[in-house]
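Colleague:
The following block contains the structure:
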């Protein structure tokens, strides 16, 4: 039996952490779809065109060490605005979503485009300032020296580009439940989402 949970939202709102925790709780498979775009973006550094990179993407490409870098994040946002890149990755994501045993997918267009018939749709967000602080701490933990102000500017640039693109813009699905994590701890956010999903499955 398949059961799909679609979790969308902007960077550093907590959707990835929540998605992993929810997948572990329900023993569902998890796909961070942003990694697909980061992997495509990273392959463009090697001379591939974005469309070539998307069409040639393999599971091994998702294991690259540089996918969480700031450069890969910016490249992901750029290639994600290309309709042909998104089209090349749709089948992969939709097949994953309907695998037996349940699946959690997080990204920016899961509830709106990839899985419009998902059993549960969530949109995880937080204030710009809190997201910037979270991302700066994450990058600092990896040895990257960057100020909160720089991260905030980067996040706002990505948000604007992702929300303005013609194909699959960043926005909540009409029937998504919005979870604002600005004032929440991770444990509180995860508990709220798990309770919501359990209510839908009952």
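Numbering (UniProt numbering), first residue to last: 1 to 202.
No residue lacks a Cβ here, since even glycine has one placed at the ideal position from N, Cα and C.
Computed from a predicted structure; not experimentally measured.
Between the segment 24-34 and the segment 47-60, do three or more beta carbon pairs fall short of 8 Å?
Modeller: Taking 8 Å as the limit for Cβ pairs, the verdict is that the segment 47-60 does not touch the segment 24-34.
Colleague: Straight-line CA distance for residue 167 to residue 132?
Modeller: If I take the Cα positions, the gap works out to 26 Å.
Colleague: Taking Cβ positions, are residue 124 and residue 179 nearer each other than 7 Å?
Modeller: Cβ distance < 7 Å, so residue 124 and residue 179 count as in contact.
Colleague: Hey, how far is the Cα of residue 89 from the Cα of residue 82?
Modeller: Those two C-alpha atoms are separated by around 11 Å.
Colleague: Quick one: complete alpha helix (DSSP H) runs, 4+ long, within the segment 168-201?
Modeller: Qualifying alpha helix (DSSP H) stretches, in chain order: 186-201.
Colleague: Can you give me the Cβ contacts of residue 98 inside the same chain, cut-off strictly under 6 Å, excluding the 5 residues immediately before and after it?
Modeller: Cβ neighbours of residue 98 beyond the five flanking positions: 2.
Colleague: Does the separation of the CB atoms of residue 134 and residue 12 fall below 7 Å?
Modeller: The answer is yes: Cβ separation under 7 Å.
Colleague: Nearest-angstrom Cα distance between residue 91 and residue 194?
Modeller: Each residue's alpha carbon lies about 27 Å from the other.
Colleague: Cα separation between residue 67 and residue 156?
Modeller: Approximately 20 Å between the Cα atoms of the pair.
Colleague: I'd like to know whether the C-beta atoms of residue 5 and residue 85 end up nearer to each other than 7 Å.
Modeller: The answer is no: Cβ separation not under 7 Å.
Colleague: When you compare only the Cα positions, how much space is there between residue 37 and residue 43?
Modeller: For residue 37 and residue 43, the distance between alpha carbons rounds to 10 Å.
Colleague: Pull up the distance between the alpha-carbon of residue 117 and that of residue 111, whole angstroms please.
Modeller: Rounded to the nearest angstrom, the two C-alpha atoms are 8 Å apart.
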